[in-house]
Every structure is written in structure tokens, then in C-alpha cells.
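Residue 439 is where the sequence shown ends in the working numbering, and the numbering goes up by one at each step.
Let me begin by presenting the structure, written as C-alpha cells, before commenting on it.
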Amino acid sequence: MAPTDETAQVPQQASPLGTTPPQPPPSGDGAAPGARMPRWLPRAMVLALALIAVFQLGSWAFHQLIGLLINILIAFFLALAIEPAVSWMAAHGMRRGLATFLVFLGLAIAVAGFVTLLGSMLAGQIIKMVEGFPGYLDSVINWINTSFHTHLRRVDVQDSLVHSDWLRKYVQNSATGVLDVSAQVLGGLFQLLTIGLFSFYFAADGPRLRRALCSVLPPARQAEVLRAWEIAVDKTGGYLYSRGLMALISGIAHYVLLQALGIPYAPVLAVWVGLVSQFIPTIGTYLAGALPMLIAFTVDPWYALWVLIFVVVYQQFENYMLQPKLTARSVDIHPAVAFGSVIAGTALLGAVGALIAIPAVATLQAFLGAYVKRYAVTDDPRVHGHRTRGSGSLTGRVRRLFER
Numbered sequence: 036m037a038p039t040d041e042t043a044q045v046p047q048q049a050s051p052l053g054t055t056p057p058q059p060p061p062s063g064d065g066a067a068p069g070a071r072m073p074r075w076l077p078r079a080m081v082l083a084l085a086l087i088a089v090f091q092l093g094s095w096a097f098h099q100l101i102g103l104l105i106n107i108l109i110a111f112f113l114a115l116a117i118e119p120a121v122s123w124m125a126a127h128g129m130r131r132g133l134a135t136f137l138v139f140l141g142l143a144i145a146v147a148g149f150v151t152l153l154g155s156m157l158a159g160q161i162i163k164m165v166e167g168f169p170g171y172l173d174s175v176i177n178w179i180n181t182s183f184h185t186h187l188r189r190v191d192v193q194d195s196l197v198h199s200d201w202l203r204k205y206v207q208n209s210a211t212g213v214l215d216v217s218a219q220v221l222g223g224l225f226q227l228l229t230i231g232l233f234s235f236y237f238a239a240d241g242p243r244l245r246r247a248l249c250s251v252l253p254p255a256r257q258a259e260v261l262r263a264w265e266i267a268v269d270k271t272g273g274y275l276y277s278r279g280l281m282a283l284i285s286g287i288a289h290y291v292l293l294q295a296l297g298i299p300y301a302p303v304l305a306v307w308v309g310l311v312s313q314f315i316p317t318i319g320t321y322l323a324g325a326l327p328m329l330i331a332f333t334v335d336p337w338y339a340l341w342v343l344i345f346v347v348v349y350q351q352f353e354n355y356m357l358q359p360k361l362t363a364r365s366v367d368i369h370p371a372v373a374f375g376s377v378i379a380g381t382a383l384l385g386a387v388g389a390l391i392a393i394p395a396v397a398t399l400q401a402f403l404g405a406y407v408k409r410y411a412v413t414d415d416p417r418v419h420g421h422r423t424r425g426s427g428s429l430t431g432r433v434r435r436l437f438e439r
């Protein structure tokens, strides 16, 4: 007997004991209520979390070690700079360790002697300025009284200066900043020691380091690494040669000026200007020119103005004429590329980047130049900067109008 509509709409009764109830029809959303999680999903989640943790740990470690990495980079370029001298001494039968030690000893003696001579000169000039300060103050007060019809006295000016709140706050701030200055000095000494140790290792064990690096590379790659190393040594030496030559020219020019003005310690000041202006990027020029101006002020305030004018004029001559030519010839890069590399290096690593940017870019350019395929340039007037006289050009149309 066929079921009627009434019997078809009767809800299903519970199944008897021991029988399997019928399965409910599948839902419309396509997912079963009792579906299990895929087996690969937990592993993928754990792997993703592990990768995130490793990335965060690597980022933290890199930021913590960036100071050490910069010191190692400076030490590497310093080792490249002294590599020719060490290799020459080693080729004449001396051990590389002893040759490196002698080179560093010579540099240390030269730097220590220069700093000692400069310090004694500065101490003498500071004492002279302190002793002559009352005379300068009297001359300034007399000029003010004469020009503005005032009645100032040196005793009143000194008392107001000694008992001023500005001086009291300055002394307090200076006293609280002594520990910070001491910490910075100790940090700088430790940084110099780190750079010296790494540069000594790179220079003394240069062949061993190259063998260790080449041992993990195939023979074809070994030749490329050795060639890049040799190019880096040549370009770094050329860069230091150009800087040394510009320091010599700058020192001679400033010595002539200082000697003509009769400023004391002219040779030492000339050496100071040459070295600081060339080997301290960005602010080296201002540091180099401040000391001669200070010494010139003790002789005559107008001499300090003449020194300032000469420093500014010579700096422009060096930036736009001397430096691009010498740098381009010694490291074989275009002056615009040299200028851009210094700006990029300063933006990335500050003063260190500005100092090593040019030799690094010159090395990269010379190394990649061997892998760039070049073609013969067609003999076209436009290559030499000459415009063709085409019929569609403006000059051609004007010429035809005049011919008509």
C-alpha cells in the first residue's frame, strides 16, 4: 500500500535498540558537522610560527651586532689599504705577522706624534688666550663705550658673568655630563681596539683567509673571488693615494696662507687641515678650519676672518675642480658616480659609509665590468653630440622658408 502524504510527514521515530539510525542528509553548506581538520594544517601553522620566530630573532641579533659588523667592515678596508706594504715586506723574506706589526707600529707612532704635537700647541694657545682675555675684553668694552656712549667697566662685566644663572647651569650640566663623556671615550677606545685587532688579522692572515674562502667554492668561483680581492686592494690603495695627494695640496695651500699672515705653528696647522679635511667625511672641513681660525684670532681677529674666507674658497675649488679629477683618475669612476656614492654611503652608514663608499663602488664597478658585454658604437654624429639636419627639424624648416 503506497504511503500517503499524512504518513510521509510523520516524524521519524527512534530506532529500536541494536539498530543503526539512518544518517541525516548532507547540509547545503558543503561541510559535514563532524569533519576533521586536515593533517597538514597543524604542521603548516607550526612551521609559519617557527619562521616568524626565526625572523624576529635574526632581526634582533642583526640590530644588536650592527656595531660589530661596521667595525669589521672598517677593519677589512683598513687591511686592504695596508695590504700592498705588507705584501712587499713579505715578498722580501719577512713574515706577514711581523710585517703587519711593523706597519701598524709605524702608523701608531705617526699618529701619536702628531696628536702630542697638536695637543702641546693647543695647550699653549689656550693658555695664551686665557692670559690675553682681559686685554681683549678691555678693547671690546672701550669700543662699546666709544660707539654707544656707555660707561661699562671690566669689573662689572666679569662680576655679572661670574654670578649669572647661565654660567651656574652650564657648570652643573658639565659636571653631570662628565660620566657620559668618560663612557664615550672608553667606548671609542674599545672600538679602536676592535678595529685594530680585526684589521691585523685580515692583513696578517690574508692568504690563509683567502684559502679558507676559496676552499668552499668551485674552481671557477675561486678565480672570481681572487680577482675581486685584487681589485679591492688596488682601488682602496688608489683611493687612499688620491686622499693623501689632496691632503698634501690642501696642507701646502693653507701653510702658505698661515705663514704669510704670521700665524704661529703654521706647519702643524697645515698638516691638521690637510688630514682632517680629507679623512673625516662631511664635518672634516669644518673641524679642520676651526682650529686655524682660533689660533689666528689670538694674533688678530681680522686674521681669523681671512682664514675663514680662504677655507670656504678653497673648499669650493676642491669640491668642484680638484676632487672629481683626482678621484676619477685614481679609482677610475665618473665624478658624478663618486659624488653619488658618497651621498648613498652617508645615508646608509654615516661617516663610515662616506669614507668607504668610493673604494667599494670602484671595486664593484671594476669587477662587474668584466661581465658586461659591450658593442662597437656606430659612427653617428649624434654620438659626438652633433644634431642631424633633418627635414623635420625646426632649423630645416626655417632654412627652407628663407630659401623660398
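Beta carbons are placed, not taken as given, at the ideal position from N, Cα and C, and that holds for glycine.
Keep in mind it's a predicted model, so treat the numbers as computed, not measured.
Apart from the five residues on each side of it in sequence, which residues of its chain come closer than 8 Å, Cβ to Cβ, to N180?
If you number the sequence shown from 1, residue 180 lands on position 145. Spatial neighbours of N180 in its own chain (CB-CB distance under 8 Å, excluding positions within 5 residues in sequence) are listed in chain order as H186, L187.
Spatial neighbours of L248 in its chain, beta-carbon cut-off 7 Å, leaving aside the 5 residues before and after:
Translated into positions along the sequence shown, residue 248 becomes position 213. Result list for L248: V260, in chain order.
Please determine, among Q193, T271, D240, the residue with the shortest C-alpha to C-alpha distance to A397.
Within the sequence shown, numbered from 1, the residue matching residue 397 stands at position 362. Proximity to A397 across Q193, T271, D240 peaks at T271, based on C-alpha coordinates.
Measuring straight from C-alpha to C-alpha, what distance separates Q350 and H127?
In the sequence shown, counting from the first residue as 1, residue 350 sits at position 315. In the sequence shown, counting from the first residue as 1, residue 127 sits at position 92. Looking at the two C-alpha atoms, the distance is approximately 42 Å.
Where G170 falls, given that 16 or more other Cβ within 10 Å makes a residue buried:
Within the sequence shown, numbered from 1, the residue matching residue 170 stands at position 135. When all chains shown are included, G170 counts as exposed.
How is the alpha helix (DSSP H) around H127 delimited, first residue to last?
Taking the sequence shown and counting its residues from 1, the one referred to as residue 127 is at position 92. First-last for H127: undefined, no H or E at that position.
Once DSSP output is grouped into helix, strand and coil, what is the label at G63?
Residue mapping note: residue 63 aligns to position 28 of the sequence shown, counting from 1. Per-residue confidence for G63 stands at a pLDDT of 48, beneath the threshold of 50, marking its modelled position as unreliable; the derived number appears in the next sentence. For G63, the secondary structure class from DSSP, reduced to helix, strand or coil, is coil.
Alpha carbon to alpha carbon, what distance is there between M281 and Q381?
Here residue 381 refers to the residue found at position 346 of the sequence shown. Here residue 281 refers to the residue found at position 246 of the sequence shown. In the sequence on display, residue 381 carries Thr and not Gln. Distance between the alpha carbons of T381 and M281 is about 21 Å.
Less than 6 Å between C-beta atoms, sequence neighbours within five positions excluded: which residues of the same chain meet that for L86?
One-based indexing of the sequence shown puts residue 86 at position 51. No residues qualify anywhere along the chain.
Quick one: what does DSSP say D410 is sitting in, helix, strand or coil?
Position 375 of the sequence shown holds residue 410. For the record, residue 410 in the displayed sequence is Tyr; it is not Asp. Three-state DSSP puts Y410 in coil, outside helix and strand.
Touch test, the stretch 281-292 against the stretch 128-135, Cβ-Cβ under 8 Å, three pairs minimum
Cβ pair count under 8 Å is below three, so no.
Count Cβ pairs between the stretch 292-311 and the stretch 324-343 that sit closer than 8 Å; are there 3 or more?
Touching, per the Cβ criterion.
DSSP-derived helix/strand/coil call for I179:
The residue labelled residue 179 in the question sits at position 144 within the sequence shown. Reduced to three states, the DSSP call for I179 is helix.
What are the boundary residues of the alpha helix (DSSP H) that V303 is part of?
Taking the first residue of the sequence shown as position 1, residue 303 is located at position 268. According to the DSSP assignment, V303 belongs to the alpha helix (DSSP H) that extends over 301-314.
Taking DSSP as the reference, what is the three-state secondary structure of D173?
In the sequence shown, residue 173 corresponds to position 138, counting from 1. If DSSP states are grouped into helix, strand and coil, D173 belongs with the helices.
Alpha-carbon to alpha-carbon, F332 and V348
Here residue 348 corresponds to residue number 313 of the sequence shown, with the count starting at 1. Here residue 332 corresponds to residue number 297 of the sequence shown, with the count starting at 1. In this model, V348 and F332 are separated by some 19 Å (Cα to Cα).
Assess contact between the stretch 227-237 and the stretch 71-80, defined as three or more Cβ pairs (one per stretch) separated by less than 8 Å. Is contact present?
Touching, no, given that fewer than three Cβ pairs across the two stretches are closer than 8 Å.
State buried or exposed for T42, treating a residue as buried only when at least 16 other CB atoms are found within 10 Å of its CB.
In the sequence shown, counting from the first residue as 1, residue 42 sits at position 7. Summary for T42: the model assigns pLDDT 46, below 50, so the residue's position carries little reliability; its value from the coordinates is reported in the next sentence. It counts as exposed.
Unbroken alpha helix (DSSP H) runs of length 4 or more, entirely within the stretch 336-380: which are they?
Contiguous alpha helix (DSSP H) elements confined to the stretch 336-380 occur at 336-352, 358-366, taking only those with 4 or more residues.
In this structure, how does DSSP classify R246 when only helix, strand and coil are distinguished?
Sequence index remark: in the sequence shown, residue 246 carries index 211 (1-based). The three-state reading of DSSP puts R246 in helix, counting H, G and I together.
On the three-state DSSP scale, how would you describe V84?
What you label residue 84 is simply residue 49 of the sequence shown in a count that begins at 1. Before going further, note that residue 84 is Leu rather than Val in the sequence given. Reduced to three states, the DSSP call for L84 is helix.
Would you kindly report the start and end of the unbroken alpha helix (DSSP H) that includes H289?
Within the sequence shown, numbered from 1, the residue matching residue 289 stands at position 254. Per DSSP, H289 is one residue of the alpha helix (DSSP H) stretching across 254-296.
Kindly indicate the opening and closing residues of the alpha helix (DSSP H) around L187.
Taking the sequence shown and counting its residues from 1, one reaches residue 187 at position 152. L187 -> no alpha helix (DSSP H), and no H or E assigned at all.
Residues in its own chain within less than 7 Å of R246 by CB, not counting five upstream and five downstream?
As a first step, residue 246 is located in the sequence shown; it is residue number 211 there, counting from the start. Scanning its chain for C-beta atoms nearer than 7 Å, with the 5 sequence neighbours on each side dropped, one finds no residue around R246.
Using only alpha-carbon positions, find the residue among I315, S277, G297, Q313 that is nearest to M328.
In the sequence shown, counting from the first residue as 1, residue 328 sits at position 293. It is G297 whose Cα lies nearest to the Cα of M328.
DSSP three-state label for P73, please.
Position 38 of the sequence shown, counted from the first residue, corresponds to residue 73. Of the three classes helix, strand and coil, the one that applies to P73 here is coil, per DSSP.
Would V121 and A238 qualify as a contact pair, given that the criterion is a beta-carbon distance under 9 Å?
The residue given as residue 121 occupies position 86 in the sequence shown. The residue given as residue 238 occupies position 203 in the sequence shown. Cβ distance < 9 Å, so V121 and A238 count as in contact.
Under 7 Å Cβ to Cβ from Q358, same chain only, skipping five residues before and after it: list those, please.
Locating residue 358 in the sequence shown gives position 323, where the first residue counts as 1. Spatial neighbours of Q358 in its own chain (CB-CB distance under 7 Å, excluding positions within 5 residues in sequence) are listed in chain order as M281.
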